[in-house]
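Terminal number for the sequence shown in this note's numbering: 717, no gaps in between.
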Amino acid sequence: MVSSKTTKRKPAKKNLVIVESPAKAKTIEKYLGRNYKVLASKGHIRDLPKSRMGVDIEHNYEPTYISIRGKGDTIKELKKEAKKAKKVYLAADPDREGEAIAWHVAHILGLDLDDSNRVVFNEITKDAVKESFKHPRSVDMDLVDAQQARRVLDRLVGYSISPILWQKVKKGLSAGRVQSVALKLVIDREKAIRNFQPEEYWTIPSRFQAGRLKKNQFAANFYGVNQKKKELKSQADVQEVLQLLDQKASFEVTKVVKKERKRYPAAPFTTSSLQQEANRKLNFKTRKTMMLAQQLYEGINLGSRQGSVGLITYMRTDSTRIAAVAKHEASQFLQKEYGVEYAATKVHATKNPEGAQDAHEAIRPTSLQRTPASLAKILTRDQMRLYTLIWNRFLASEMTPAILDTMTVTIDQNNVQFRANGSKIKFDGFLKLYKDDQKTKDNWLPDLTEGQKVKMVETNPEQHFTQPPARFTEASLVKTLEENGVGRPSTYAPTIDTIQKRYYVKLNGRSFEPTELGEIVDNLIEQYFPDIVNVDFTANLENELDGIEVGKENWTKVVDEYYQPFSKELKDADEKIEKLQIKDEPANMDCDICGAPMVIKLGRYGKFIACSRFPDCRNTKAIVKEIGVVCPKCKEGQVVERKSKKNRIFYGCSRYPDCDFVDWNKPIGRDCPKDGHYLVEKKVKGGRRVICPNDDYQEEIQK
Numbered sequence: 015m016v017s018s019k020t021t022k023r024k025p026a027k028k029n030l031v032i033v034e035s036p037a038k039a040k041t042i043e044k045y046l047g048r049n050y051k052v053l054a055s056k057g058h059i060r061d062l063p064k065s066r067m068g069v070d071i072e073h074n075y076e077p078t079y080i081s082i083r084g085k086g087d088t089i090k091e092l093k094k095e096a097k098k099a100k101k102v103y104l105a106a107d108p109d110r111e112g113e114a115i116a117w118h119v120a121h122i123l124g125l126d127l128d129d130s131n132r133v134v135f136n137e138i139t140k141d142a143v144k145e146s147f148k149h150p151r152s153v154d155m156d157l158v159d160a161q162q163a164r165r166v167l168d169r170l171v172g173y174s175i176s177p178i179l180w181q182k183v184k185k186g187l188s189a190g191r192v193q194s195v196a197l198k199l200v201i202d203r204e205k206a207i208r209n210f211q212p213e214e215y216w217t218i219p220s221r222f223q224a225g226r227l228k229k230n231q232f233a234a235n236f237y238g239v240n241q242k243k244k245e246l247k248s249q250a251d252v253q254e255v256l257q258l259l260d261q262k263a264s265f266e267v268t269k270v271v272k273k274e275r276k277r278y279p280a281a282p283f284t285t286s287s288l289q290q291e292a293n294r295k296l297n298f299k300t301r302k303t304m305m306l307a308q309q310l311y312e313g314i315n316l317g318s319r320q321g322s323v324g325l326i327t328y329m330r331t332d333s334t335r336i337a338a339v340a341k342h343e344a345s346q347f348l349q350k351e352y353g354v355e356y357a358a359t360k361v362h363a364t365k366n367p368e369g370a371q372d373a374h375e376a377i378r379p380t381s382l383q384r385t386p387a388s389l390a391k392i393l394t395r396d397q398m399r400l401y402t403l404i405w406n407r408f409l410a411s412e413m414t415p416a417i418l419d420t421m422t423v424t425i426d427q428n429n430v431q432f433r434a435n436g437s438k439i440k441f442d443g444f445l446k447l448y449k450d451d452q453k454t455k456d457n458w459l460p461d462l463t464e465g466q467k468v469k470m471v472e473t474n475p476e477q478h479f480t481q482p483p484a485r486f487t488e489a490s491l492v493k494t495l496e497e498n499g500v501g502r503p504s505t506y507a508p509t510i511d512t513i514q515k516r517y518y519v520k521l522n523g524r525s526f527e528p529t530e531l532g533e534i535v536d537n538l539i540e541q542y543f544p545d546i547v548n549v550d551f552t553a554n555l556e557n558e559l560d561g562i563e564v565g566k567e568n569w570t571k572v573v574d575e576y577y578q579p580f581s582k583e584l585k586d587a588d589e590k591i592e593k594l595q596i597k598d599e600p601a602n603m604d605c606d607i608c609g610a611p612m613v614i615k616l617g618r619y620g621k622f623i624a625c626s627r628f629p630d631c632r633n634t635k636a637i638v639k640e641i642g643v644v645c646p647k648c649k650e651g652q653v654v655e656r657k658s659k660k661n662r663i664f665y666g667c668s669r670y671p672d673c674d675f676v677d678w679n680k681p682i683g684r685d686c687p688k689d690g691h692y693l694v695e696k697k698v699k700g701g702r703r704v705i706c707p708n709d710d711y712q713e714e715i716q717k
């Protein structure tokens with residue numbers, strides 16, 4: 015008998031793919047199949063140490079990288095899997111930060127940097143991922159150096175100025191390249207508002223009627239005298255014009271200009287335009303927008319049949335370019351769903367912002383077949399709102415322009431001219447899908463002809479005053495930073511977050527206001543480190559970082575050119591800045607624990623009330639604003655205005671926690687005549703109303 019032995023086959027080695035996030039890992043592993051194992055580094059695994067500068071200024075700005083605390087298990091697993099892998103691929107995000115993550119991972123795993131093991135893709139779809147693995151490349155050291163230069167510069171600035179602020183002002187403060195410019199923009203705007211001197215001006219809005227029918231009435235406004243535009247700066251100017259008119263006599267239509275005007279759709283989203291539009295239309299903070307966009311990019315589980323799928327292209331981009339295949343899909347979709355007349359036949363001319371990188375497409379859906387309606391039961395409410403915004407904006411950008419008929423009419427009597435403007439939508443084009451910020455309501459005039467007589471029905475001169483510039487919102491601050499070339503879209507969210515966390519600015523409604531602490535810090539930095547808050551200087555540095563990315567600049571040379579003059583400013587500041595005393599204000603109350611006077615202190619998160627005997631007595635209280643209404647629940651305490659952790663205003667009882675009364679709407683101190691429940695002032699569309707939360711009773715608020 016011949017005995018046969020069965021030999022066990024060793025399992026075939028798998029390729030190891032390393033990405034940043036676990037969500038992305040799941041999606042990609044499904045696409046690549048069983049010959050690949052995908053693990054996540056969970057972001058950076060090496061960085062500069064937190065406890066010290068970590069940059070050797072004397073030796074060519076050599077950075078000292080260490081493994082990030084808490085990443086030990088992740089590094090151990092990556093090393094273990096890399097040893098037994100057939101090949102290791104680095105698939106971090108396709109930008110500077112992603113390239114740096116890939117480089118750090120390669121260093122820790124001992125990979126050859128000349129090896130073609132770096133794969134990048136602009137969208138996480140099956141075709142895009144598989145195609146990227148056909149064209150791996152080596153780690154791009156120019157991209158890595160650009161990220162290193164930014165990281166080293168930010169460390170040199172932050173770890174040099176912050177200790178001075180701690181010593182001279184108070185602990186816990188910080189300064190940075192981009193955040194200092196953002197803070198200065200907010201403060202300069204506030205100074206402009208404070209220094210603003212309103213100027214009086216007048217208008218003469220009037221109503222005219224053509225013929226006998228009331229439906230032929232239309233609005234017109236005073237334009238000028240003797241065909242020259244005239245500004246009305248006082249009531250005397252208005253009376254001078256009115257004395258030239260006989261309001262009972264006819265006016266003559268002297269000029270009618272009819273035109274057809276096209277309104278083109280906006281370009282698809284870049285990172286900054288997405289942040290701005292999401293803030294304006296959805297009231298999302300920039301950080302929230304980027305977090306949701308990251309989720310949509312990395313993959314959403316669409317169920318057992320499809321699994322996890324990336325719904326949008328890469329969300330860190332400043333290009334408006336769209337791939338030809340996506341344009342073709344948009345054209346086919348529009349022709350089928352809306353009609354041939356809605357699909358653009360010509361490419362809309364869009365211009366990338368100055369200095370924009372064109373490595374990635376604009377932000378768009380990975381497939382138009384995944385309509386917002388088809389994902390309604392899968393996405394969270396906020397994911398759905400952002401995805402719908404991206405989907406609509408991209409599709410609208412590939413639609414035909416809206417066509418408007420416009421009409422401008424000049425009306426004359428005794429060489430005094432009034433003008434009327436009208437428009438109506440002739441063809442809605444992209445407006446069928448995406449409403450822009452411009453007014454699109456029809457305002458059509460009667461069919462007037464030159465030489466026609468019309469009569470003035472009424473005239474109502476109005477006094478106005480010029481208004482100060484508006485405070486920055488998140489959207490307008492992002493827009494200004496981008497227009498000035500300060501920072502890059504991926505830095506805006508953490509920058510805005512930092513100046514709020516440091517309590518340099520606070521949100522009042524949706525607008526930023528600088529705090530006293532912010533103004534102190536800005537004043538010191540502007541006086542002793544003028545280059546840091548100089549917009550042009552910071553923008554030029556961004557251009558040099560871009561130059562490093564494309565191999566035109568040496569990163570250590572750029573850092574040195576920046577640091578040498580900065581180091582002289584540091585020495586000068588340390589010697590000249592005197593320690594600032596932020597004086598406590600009397601709170602006009604005594605401590606309910608020890609009886610000592612209470613004072614108002616400025617802390618890291620704003621002002622608060624504390625005992626003057628601190629640290630012997632640690633009694634503190636929040637500063638609250640009374641609204642002059644007795645608590646409707648306990649009838650003893652006062653209703654006070656408070657703020658939630660998310661900075662949303664609500665109203666509660668001053669006797670909390672003894673009384674737990676709370677309401678998001680402002681109580682007004684009166685009861686409902688129907689059921690006796692307390693009334694509140696509630697924000698509604700078009701203004702505010704007094705309502706009863708318990709029934710349908712409502713009152714208009716008298717202005």
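We treat Cβ as the ideally placed atom computed from N, Cα and C, and that holds for glycine.
Apart from the five residues on each side of it in sequence, which residues of its chain come closer than 6 angstroms, Cβ to Cβ, to residue 458?
-> Numbered from 1 along the sequence shown, position 444 holds the residue referred to as residue 458. Correct list, in chain order: 436, 438.
Taking the continuous beta strand (DSSP E) assigned at residue 470, which residues delimit it?
-> Stepping through the sequence shown from its first residue, residue 470 is reached at position 456. Where residue 470 is concerned, the enclosing beta strand (DSSP E) stretches over 467 to 473.
Check whether the Cβ atoms of residue 102 and residue 59 sit closer than 9 angstroms, and answer yes or no.
-> As a first step, residue 102 must be located in the sequence shown, where it is residue number 88. As a first step, residue 59 must be located in the sequence shown, where it is residue number 45. For the 9 angstroms CB-CB criterion, residue 102 and residue 59 do not form a contact.
When the Cα of residue 84 is compared with those of 57, 108, 66, which residue comes out closest?
-> Along the sequence shown, one-based indexing puts residue 84 at 70. Out of 57, 108, 66, 57 has the C-alpha closest to the C-alpha of residue 84.
Taking Cβ positions only, does residue 208 come closer than 9 angstroms to chain B?
-> The displayed structure is made up of one protein chain only, and chain B is not part of it.
Outcome for residue 370 when other beta-carbon atoms lying within 10 angstroms are tallied against a minimum of 16 | Within the sequence shown, the letter at position 356 stands for residue 370. At residue 370 the pLDDT is 45, less than 50, meaning the model places this residue with poor confidence; the figure from the coordinates comes in the next sentence. When all chains shown are included, residue 370 counts as buried.
Work out the CA separation of residue 129 and residue 316 for me, nearest whole Å.
-> Here the question's residue 316 lines up with position 302 in the sequence shown. Here the question's residue 129 lines up with position 115 in the sequence shown. Each residue's Cα considered, the two are about 36 angstroms apart.
Pick helix, strand or coil for residue 272, following the three-state DSSP scheme.
-> As a first step, residue 272 is located in the sequence shown; it is residue number 258 there, counting from the start. Strand, per DSSP.
How would you write the range of the alpha helix (DSSP H) that residue 345 sits in, first residue to last?
-> Indexing the sequence shown from 1 puts residue 345 at position 331. Run containing residue 345: 338 to 351, per the alpha helix (DSSP H) assignment.
What three-state label does DSSP hand residue 634 in the structure shown?
-> As a working note, residue 634 is residue 620 in the sequence shown. Strand at residue 634.
Beta-carbon proximity list for residue 342, same chain, < 6 angstroms, skipping 5 on both sides | For the purposes of this step, residue 342 is identified with residue 328 of the sequence shown, where counting begins at 1. For residue 342, where only same-chain residues beyond five positions count, there are no Cβ hits under 6 angstroms.
For the candidate residues 111, 447, 305, 138, whose alpha-carbon lies nearest to that of residue 353?
-> On the sequence shown, position 339 is the one that residue 353 refers to. The residue with the shortest Cα to Cα distance from residue 353 is 447.
Specify the secondary structure class of residue 227 as computed by DSSP and reduced to three states.
-> On the sequence shown, position 213 is the one that residue 227 refers to. Coil, per DSSP.
Element boundaries [alpha helix (DSSP H), containing residue 406] | The residue labelled residue 406 in the question sits at position 392 within the sequence shown. Counting along the chain, the alpha helix (DSSP H) containing residue 406 begins and ends at 395 to 411.
How would you call residue 607, buried or exposed, if buried means at least 16 neighbouring beta carbons within 10 angstroms?
-> What you label residue 607 is simply residue 593 of the sequence shown in a count that begins at 1. Exposed, since its Cβ has fewer than 16 Cβ neighbours within 10 Å.
Could you pull out every residue in the same chain whose Cβ sits closer than 6 angstroms to the Cβ of residue 307, ignoring the five residues on either side in sequence?
-> Counting from 1 along the sequence shown, the entry for residue 307 is found at position 293. Cβ neighbours of residue 307 beyond the five flanking positions: 329.
What is the DSSP secondary structure of residue 540, counted as helix, strand or coil?
-> For the purposes of this step, residue 540 is taken as the residue at position 526 of the sequence shown. In the displayed model, residue 540 falls within a helix according to three-state DSSP.
Quick one: any contact between the region 692 to 707 and the region 667 to 679, if contact means 3 or more CB pairs under 8 angstroms?
-> yes
Do you know how far the Cα of residue 346 is from the Cα of residue 135?
-> Counting from 1 along the sequence shown, the entry for residue 135 is found at position 121. Counting from 1 along the sequence shown, the entry for residue 346 is found at position 332. Cα to Cα, the separation comes out at about 25 angstroms.
Through-space distance from residue 427 to residue 493, alpha-carbon basis | Within the sequence shown, residue 493 is the residue found at index 479, counting from 1. Within the sequence shown, residue 427 is the residue found at index 413, counting from 1. Between residue 493 and residue 427, the C-alpha separation is close to 45 angstroms.
Whole runs of the alpha helix (DSSP H) within the region 548 to 601, excluding any shorter than 4 residues | You should have 549 to 563, 569 to 590.
Simplified DSSP state of residue 185, which is helix, strand or coil | Locating residue 185 in the sequence shown gives position 171, counting from the first residue. Here residue 185 sits in coil by DSSP.
Out of 164, 357, 121, which has the shortest C-alpha to C-alpha gap to residue 411?
-> Residue mapping note: residue 411 aligns to position 397 of the sequence shown, counting from 1. The shortest Cα separation from residue 411 among 164, 357, 121 belongs to 357.
9 angstroms Cβ cutoff met for residue 405 and residue 385 | Here residue 405 refers to the residue found at position 391 when the sequence shown is read from its first residue. Here residue 385 refers to the residue found at position 371 when the sequence shown is read from its first residue. Yes. Within cutoff.
So who's on the other strand from residue 167, going by DSSP bridges?
-> Within the sequence shown, numbered from 1, the residue matching residue 167 stands at position 153. Bridge partners of residue 167: none, in fact.
Pull up the DSSP beta-bridge partners for residue 216, would you.
-> Stepping through the sequence shown from its first residue, residue 216 is reached at position 202. For residue 216, which the question treats as bridged, DSSP gives the partners 246, 477.
Contacting residues, own chain, Cβ-Cβ under 8 angstroms from residue 122 (five flanking each side not counted) | Locating residue 122 in the sequence shown gives position 108, counting from the first residue. Counting only Cβ-Cβ distances below 8 angstroms, and skipping sequence neighbours, we find 59, 60, 81, 89, 92, 93.
Does DSSP put residue 191 in a helix, a strand or coil?
-> As a first step, residue 191 must be located in the sequence shown, where it is residue number 177. Three-state result, residue 191: helix.
Look up residue 137 in the DSSP assignment and give the residues it is bridged to.
-> Within the sequence shown, the letter at position 123 stands for residue 137. Beta-bridge pairing links residue 137 to 327.
Using 10 angstroms around the beta-carbon of residue 54, count the other beta-carbons present and answer buried if the total reaches 16, otherwise exposed.
-> The count along the sequence shown starts at 1 and reaches residue 54 at position 40. With 16 or more other Cβ atoms within 10 Å, it is buried.
For residue 713, verify whether its CB is less than 8 angstroms away from any heavy atom of the ligand HEM.
-> In the structure shown, the ligand HEM is absent, as is every other ligand, since no ligand is present at all.
Can you grab the Cα-Cα spacing for the pair residue 530 / residue 206, in whole Å?
-> As a first step, residue 530 is located in the sequence shown; it is residue number 516 there, counting from the start. As a first step, residue 206 is located in the sequence shown; it is residue number 192 there, counting from the start. Residue 530 and residue 206: Cα-Cα distance of roughly 16 angstroms.
Reducing DSSP to helix, strand and coil, say where residue 458 ends up.
-> Translated into the one-based positions of the sequence shown, residue 458 becomes position 444. Coil.
From what residue to what residue does the alpha helix (DSSP H) around residue 514 run?
-> Position 500 of the sequence shown holds residue 514. Element bounds for residue 514: 503 to 515.
Can you grab the Cα-Cα spacing for the pair residue 541 / residue 495, in whole Å?
-> In the sequence shown, the residue the question calls residue 541 occupies position 527. In the sequence shown, the residue the question calls residue 495 occupies position 481. Computed Cα separation, rounded: 22 angstroms.
Measure the alpha-carbon distance for residue 712 versus residue 686 and round it to whole angstroms.
-> On the sequence shown, residue 712 is found 698 positions in, with the first residue counted as 1. On the sequence shown, residue 686 is found 672 positions in, with the first residue counted as 1. When rounded, the distance between both Cα atoms is 9 angstroms.
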